[in-house]
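Student: The opening residue of the sequence shown carries number 95 in this note's numbering; numbering runs sequentially from there.
Even for Gly, the Cβ is constructed at its ideal location relative to N, Cα and C.
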Amino acid sequence: MVEPYEIIIRGARLRGYDLSKRYDVAISDGRIAEIKEHIPEHGEREIDAKGRLVVPSFYNMHFHLDSVLTLGDPKFNESGTLWEGIAIWAEYKKRISVEDVLRRVEEFVKWSVVNGVTYIRTHADCTEKTLTGVKALIRARDEFKDLIDIQVTAFPQDGILTEPDNAEYLRKAVEMGADNVGMIPHNEYTREDAVESIKIAFEIAKEFNRDVDGHVDETDDPISRNLEVVAKYTLKYGWVGRVTAGHVTASHSWDPAYRYRILPLIRKAGITIIANPLINIYLQGRFDTYPKRRGMAPIKMYLENGINVTLGHDCVLDPWYPLGTGNMLHALFMAIHVDQMMGWSDLFKALDLITVNAAKAWRKGAEQYGLAKGKRADLLILNALTDVDALRNLEPPLYVIRHGKLIADNTAPERQYKIYYKGKWETIDLNFKKALNK
Ligand SMILES: [Zn+2]
Numbered sequence: 095m096v097e098p099y100e101i102i103i104r105g106a107r108l109r110g111y112d113l114s115k116r117y118d119v120a121i122s123d124g125r126i127a128e129i130k131e132h133i134p135e136h137g138e139r140e141i142d143a144k145g146r147l148v149v150p151s152f153y154n155m156h157f158h159l160d161s162v163l164t165l166g167d168p169k170f171n172e173s174g175t176l177w178e179g180i181a182i183w184a185e186y187k188k189r190i191s192v193e194d195v196l197r198r199v200e201e202f203v204k205w206s207v208v209n210g211v212t213y214i215r216t217h218a219d220c221t222e223k224t225l226t227g228v229k230a231l232i233r234a235r236d237e238f239k240d241l242i243d244i245q246v247t248a249f250p251q252d253g254i255l256t257e258p259d260n261a262e263y264l265r266k267a268v269e270m271g272a273d274n275v276g277m278i279p280h281n282e283y284t285r286e287d288a289v290e291s292i293k294i295a296f297e298i299a300k301e302f303n304r305d306v307d308g309h310v311d312e313t314d315d316p317i318s319r320n321l322e323v324v325a326k327y328t329l330k331y332g333w334v335g336r337v338t339a340g341h342v343t344a345s346h347s348w349d350p351a352y353r354y355r356i357l358p359l360i361r362k363a364g365i366t367i368i369a370n371p372l373i374n375i376y377l378q379g380r381f382d383t384y385p386k387r388r389g390m391a392p393i394k395m396y397l398e399n400g401i402n403v404t405l406g407h408d409c410v411l412d413p414w415y416p417l418g419t420g421n422m423l424h425a426l427f428m429a430i431h432v433d434q435m436m437g438w439s440d441l442f443k444a445l446d447l448i449t450v451n452a453a454k455a456w457r458k459g460a461e462q463y464g465l466a467k468g469k470r471a472d473l474l475i476l477n478a479l480t481d482v483d484a485l486r487n488l489e490p491p492l493y494v495i496r497h498g499k500l501i502a503d504n505t506a507p508e509r510q511y512k513i514y515y516k517g518k519w520e521t522i523d524l525n526f527k528k529a530l531n532k
């Protein structure tokens with residue numbers, strides 16, 4: 095007797111497949127066991143997708159879990175600037191504890207899962223000398239592993255060379271088990287220190303065989319040119335494909351002649367750019383009067399030059415960002431507006447930024463990620479018929495399946511939109527059916 099499939103999703107539209115057709119997706123042993131227009135067998139659990147869109151689950155590739163949900167403590171950021179945020183965080187972290195971090199992280203992990211995010215790469219501030227945040231986030235990686243995959247980047251928030259011991263703290267954080275080595279070269283005192291700090295980060299990465307995940311050139315200053323140094327060391331240390339550069343907002347302001355020279359180098363080094371659209375459109379351009387620059391890494395430019403780009407939410411309810419629920423569609427929505435990526439075919443590529451492009455930079459298990467037979471069953475059933483609906487309604491998915499198990503169900507009846515019209519109740523469908531024909 096053949097074992098029944100654990101889950102069968104019936105009648106779904108699948109991202110990247112023919113949208114005029116509906117498919118059944120069978121799941122067993124954590125994998126996609128079958129995808130067909132009709133699967134005759136029964137599943138232990140059957141989910142009727144009613145033509146809704148199935149996509150692989152979302153990644154949040156740049157996030158600060160150690161500061162999440164600390165908004166207002168010890169005070170609110172009234173100027174809304176990066177610098178006031180850093181000052182507030184410096185106060186907060188004086189009395190941070192492992193329990194405090196874990197409690198906040200647990201709550202945010204649940205929010206993320208409900209929003210279809212099952213992978214978070216977090217930065218752990220390792221210039222806080224007790225390394226409490228690092229300890230807590232390494233523990234969180236294990237503690238919440240039934241809900242989410244977490245990667246921890248050791249992040250020297252205050253710089254690697256700004257204080258004598260910071261390089262050693264960075265090394266220690268990696269030794270304790272951080273997955274990736276961070277850096278913040280634009281925050282070092284001089285260009286020479288910035289270059290040296292990048293070299294130190296790569297040496298630690300080499301010593302512990304870790305990937306590199308930097309905060310790089312998060313400034314509007316176009317001559318903050320640390321990305322080229324990161325590329326140089328990526329090539330020198332043979333780390334091609336193992337390096338991500340977060341923010342890189344300076345690249346928005348680069349001179350065209352510099353772009354021409356630098357982009358092939360970034361491509362050659364296989365560096366992934368991680369844009370943080372929500373936070374950077376808010377925090378950058380603060381020295382401009384009007385017109386104000388769009389302070390976001392130019393995603394379209396990088397993609398057109400064959401450079402991988404993915405997205406982070408960066409912060410939620412903390413000293414730097416007072417909004418957010420952990421929904422990566424919000425970050426994506428901002429990105430496609432700021433970088434004017436709403437041509438009709440662009441809209442059908444946008445979700446790549448928080449799915450396949452992210453999986454590539456995450457690296458671990460990337461070959462098992464996706465919507466095909468044999469891949470890991472990390473799937474979302476969205477309340478959308480196409481990518482365009484997902485970008486319009488920004489809703490949490492109806493269902494979240496991770497490693498083959500149903501872990502979130504957002505289908506409670508009160509979520510239906512209903513209006514009372516001409517003497518009766520009717521349910522309103524906000525989906526744009528014309529988009530099915532692309
Ligand atoms: Zn950040």
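Kindly examine ligand 1 and report whether one of its heavy atoms sits closer than 7 Å to the Cβ of H431.
Tutor: Locating residue 431 in the sequence shown gives position 337, where the first residue counts as 1. No, the Cβ of H431 stays beyond 7 Å of every heavy atom of ligand 1.
Student: Name, in chain order, the residues that DSSP records as bridge partners for H73.
Tutor: No statement about residue 73 is possible, as the shown extent of the chain runs from 95 to 532 and does not include it.
Student: Consult DSSP for K512 and reduce its assignment to one of helix, strand or coil.
Tutor: Position 418 of the sequence shown, counted from the start, is the residue given in the question as residue 512. If DSSP states are grouped into helix, strand and coil, K512 belongs with the strands.
Student: Could you tell me the alpha carbon to alpha carbon distance between E200 and G210, rounded to whole angstroms?
Tutor: By 1-based counting over the sequence shown, the position of residue 200 is 106. By 1-based counting over the sequence shown, the position of residue 210 is 116. Going by the C-alpha atoms only, they are around 15 Å apart.
Student: Do you know whose CA, among G406, V195, D252 and A120, lies nearest W456's CA?
Tutor: In the sequence shown, the residue the question calls residue 456 occupies position 362. Per the Cα distances, G406.
Student: So is Y186 buried or exposed if we call it buried at 16+ other beta carbons inside 10 Å?
Tutor: Translated into positions along the sequence shown, residue 186 becomes position 92. Buried, since its Cβ has 16 or more Cβ neighbours within 10 Å.
Student: Count the other CB atoms, across all protein chains shown, that sit within 10 Å of the CB of N374; report buried if there are 16 or more and exposed otherwise.
Tutor: Residue numbering aside, residue 374 sits at position 280 when the sequence shown is read from its first letter. Buried is the call here.
Student: On the DSSP letters alone, give me the boundaries of the alpha helix (DSSP H) that M422 sits inside.
Tutor: Here residue 422 is taken as the residue at index 328 of the sequence shown, counted from 1. Taken as a continuous stretch (DSSP letters only), the alpha helix (DSSP H) holding M422 covers M422 to V432.
Student: Is the Cβ-Cβ distance between V195 and T216 less than 8 Å?
Tutor: Taking the sequence shown and counting its residues from 1, one reaches residue 195 at position 101. Taking the sequence shown and counting its residues from 1, one reaches residue 216 at position 122. Taking 8 Å as the Cβ cut-off, V195 and T216 do not qualify as a contacting pair.
Student: Could you check whether the Cβ of H158 sits closer than 7 Å to any heavy atom belonging to ligand 1?
Tutor: The count along the sequence shown starts at 1 and reaches residue 158 at position 64. Yes, ligand 1 has a heavy atom inside 7 Å of this Cβ.
Student: Considering just the uninterrupted stretch of the alpha helix (DSSP H) at L52, what are its terminal residues?
Tutor: Outside the displayed span of the chain (95 to 532) sits residue 52, for which this structure offers no information.
Student: Measure the beta-carbon distance from D160 to G227 and round it to whole angstroms, keeping in mind my assumption that it falls under 8 Å.
Tutor: For the purposes of this step, residue 160 is taken as the residue at position 66 of the sequence shown. For the purposes of this step, residue 227 is taken as the residue at position 133 of the sequence shown. 4 Å between Cβ atoms; contact.
Student: Check whether the Cβ of H280 sits closer than 7 Å to any heavy atom of ligand 1, and report yes or no.
Tutor: Taking the sequence shown and counting its residues from 1, the one referred to as residue 280 is at position 186. Because no heavy atom of ligand 1 lies under 7 Å away, the Cβ of H280 does not count as near it: no.
Student: Can you round the beta-carbon distance between V310 and H341 to whole angstroms, since I take them to be within the 8 Å contact cut?
Tutor: As a first step, residue 310 is located in the sequence shown; it is residue number 216 there, counting from the start. As a first step, residue 341 is located in the sequence shown; it is residue number 247 there, counting from the start. Yes, V310 and H341 are in contact; Cβ-Cβ is about 7 Å, under 8 Å.
Student: Hey, is the region 390-408 in contact with the region 357-370, meaning 3+ C-beta pairs nearer than 8 Å?
Tutor: Flag = yes, the region 390-408 and the region 357-370 touch.
Student: When you measure from the CB of H407 to every non-hydrogen atom of ligand 1, does any distance come out below 7 Å?
Tutor: Numbered from its first residue, the sequence shown carries residue 407 at position 313. The answer is no for H407.
Student: Relative to the C-alpha of W183, which candidate in E322, S173, S191 and K169 has its C-alpha closest?
Tutor: One-based indexing of the sequence shown puts residue 183 at position 89. Comparing Cα positions, the closest option is K169.
Student: Helix, strand or coil, according to DSSP, for F296 in the structure here?
Tutor: To locate residue 296, count along the sequence shown from 1; it is residue 202. If DSSP states are grouped into helix, strand and coil, F296 belongs with the helices.
Student: May I ask you to report which of helix, strand or coil DSSP gives L479?
Tutor: Mapped onto the sequence shown, residue 479 falls at position 385. L479 falls in the coil class under three-state DSSP.
Student: Beta strand (DSSP E) containing D305: first to last residue?
Tutor: Counting from 1 along the sequence shown, the entry for residue 305 is found at position 211. Per DSSP, D305 belongs to the beta strand (DSSP E) from D305 to V310.
Student: Please determine, among G179, L147, E135 and E301, the residue with the shortest C-alpha to C-alpha distance to F526.
Tutor: Residue numbering aside, residue 526 sits at position 432 when the sequence shown is read from its first letter. Selected option, being the one with the closest Cα: L147.
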